[in-house]
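Q: Have a look at this one before I ask anything.
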Amino acid sequence: MDNQTITLLNSRRSLRSFSDREIEEHVKQAIKATTLRAPTAGNMILYSVVEVTSQSIKDELAVLCDNQPMIAKAPMVWVFLADMTKWINYYHESNSVKTGRSEGLQWRQIGMGDFLLSMSDAIIAAQTAVIAAEAYGLGSCYIGDVYENYEKTSTLLDLPPHTAIATMVIFGYPKDGFGSKSAQSLRPPTDYVFMENRYLEPHLPQLLQAYSRQEEQMRNQKRLPFNNTGTISDYYYFRKHQSPFMEEMNRSAKVMVDRWLHPDVPTDV
Ligand SMILES: Cc1cc2nc3c(=O)[nH]c(=O)nc-3n(C[C@H](O)[C@H](O)[C@H](O)COP(=O)(O)O)c2cc1C
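According to my numbering, the sequence shown is numbered sequentially starting from 260.
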């Protein structure tokens, strides 16, 4: 199908090295406006975005996010937050809570449902921003390592307990046009991901088949350093699953979720 949107979606790939070109204010504003058109639960926009413009904060984030210097060099750094704080404040400060109390309604604690809806909103907004940016000729890269070092990052960005970190995306123009971007990474076939009616648990024969093209590509690129099974399983098991950064991410994410569920400052005052 010859369609510009489909072509854009099919040609997107992560960009990790940016030109020094500043992102024009009108382009930034246009990306923001399109981001706000993303679907959001009940139209409540349960997210906020902190744009990091301070070089010193970018530098600190680069270290806190598993030492990725590209973060410090990125022209635009957006941290997407799952945000219930604004609604908690609105409920209280507009006297909705007080009125509810006079009608016998007790304050409901903010829970995991609120967390998941806010996270969904923030991540859908992030991907909308990624695609909008791509349409303006920018490249981008998600930074999952922003889930590490929660205590330091939340202090750095002044985050209250009900503004959890959903994701971070770095943006910028490619150095020499999009031709300089790395080759598109391969994906498994669609029927490995899309199932009918029920979950179909994949085991070794299906997994080998699903990842055979990627394994071949990585073998050719000499990116499969382990000879145990010679599969992509080794790559992800040793490089990601068993890595210190995943250990830290799981620790840090638990602190973030615990703080959301049990904030140090009560929300029912
Ligand atoms: C949730 C998430 C977290 C990611 N975290 C990082 C990261 O910390 N550093 C990085 O270089 N790339 C990161 N990426 C980019 C992925 O590595 C990339 O999307 C993947 O390899 C597929 O490549 P493509 O985006 O070019 O198709 C992340 C992507 C997602 C969706």
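Glycine included, every Cβ here is placed at the ideal spot set by N, Cα and C. Computed from a prediction, not measured in an experiment: that's the story for all the values here.
Are A341 and A381 touching if we call contact CB-CB under 8 Å?
A: Yes. Within cutoff.
Q: Could you check if R272 belongs to the surroundings of ligand 1, using beta carbon to heavy atom distance under 7 Å?
A: At least one heavy atom of ligand 1 is nearer than 7 Å to the Cβ of R272, so yes.
Q: According to the neighbour-count rule (16 or more other Cβ atoms, all chains shown, within 10 Å of its Cβ), is I221 buried or exposed?
A: This structure cannot settle anything about residue 221, because the visible part of the chain is limited to 260 through 528.
Q: Evaluate A292 with the Cβ neighbour count: other Cβ atoms within 10 Å of its Cβ, from every protein chain shown; 16 or more gives buried, anything less gives exposed.
A: That one is exposed.
Q: Buried or exposed: which applies to Q327, given that a residue is buried once 16 or more other Cβ atoms fall within 10 Å of its Cβ?
A: Result: buried.
Q: Between the alpha carbons of F339 and A425, how many angstroms are there, rounded?
A: One C-alpha to the other measures close to 5 Å.
Q: Between the C-alpha atoms of F497 and E507, what's the straight-line distance to the nearest angstrom?
A: Looking at the two C-alpha atoms, the distance is approximately 16 Å.
Q: Whose C-beta lies closer than 6 Å to the C-beta of L268 among residues of the same chain, with five residues either side of it excluded?
A: Closer than 6 Å at Cβ, skipping near neighbours: no residue.
Q: Would you check if the distance between the CB atom of F504 and the CB atom of E410 is smaller than 8 Å?
A: Contact flag unset, no.
Q: Less than 7 Å separating the Cβ of D380 from some heavy atom of ligand 1?
A: Not so, every heavy atom of ligand 1 lies at least 7 Å from the Cβ.
Q: With respect to 7 Å, is the separation between the Cβ of D404 and the closest non-hydrogen atom of ligand 1 below this value?
A: Yes, ligand 1 has a heavy atom inside 7 Å of this Cβ.
Q: Within 8 Å, do at least three Cβ pairs link the stretch 390-408 to the stretch 298-316?
A: At 8 Å Cβ cutoff, the stretches do not touch.
Q: Taking C-alpha atoms, which residue in F453, F430, Y458 lies nearest to I330?
A: For I330, the nearest C-alpha among the options comes from F430.
Q: Checking 8 Å against the spacing of the C-beta atoms, do R272 and Q443 come in under that value?
A: Taking 8 Å as the Cβ cut-off, R272 and Q443 qualify as a contacting pair.
Q: Give me, in chain order, the residues of the same chain whose beta-carbon lies closer than 6 Å to that of M378; leave out the 5 immediate sequence neighbours on both sides.
A: Once the five neighbours on either side are set aside, the close Cβ partners of M378 are A341, A425.
Q: Which of the three DSSP states is assigned to V322 in this structure?
A: Helix.
Q: Does the beta carbon of S444 fall short of 7 Å from some heavy atom of ligand 1?
A: Within the cutoff, so yes.
Q: Any heavy atom of ligand 1 closer than 7 Å to the beta-carbon of Q327?
A: True, at least one ligand heavy atom lies under 7 Å from that Cβ.
Q: At a threshold of 7 Å, does T488 count as lining ligand 1 (C-beta to nearest heavy atom)?
A: Answer for T488: no, Cβ out of range of ligand 1.
Q: What did DSSP end up calling P464 once you bin it into helix, strand or coil?
A: Helix, per DSSP.
Q: State the beta-bridge partners of I429 as determined by DSSP.
A: Answer by DSSP bridge pairing, in chain order: V336, C400.
Q: Quick test of the definition: if touching needs 3 or more C-beta pairs under 8 Å, does the stretch 444-463 touch the stretch 348-368?
A: Segments in contact, no.
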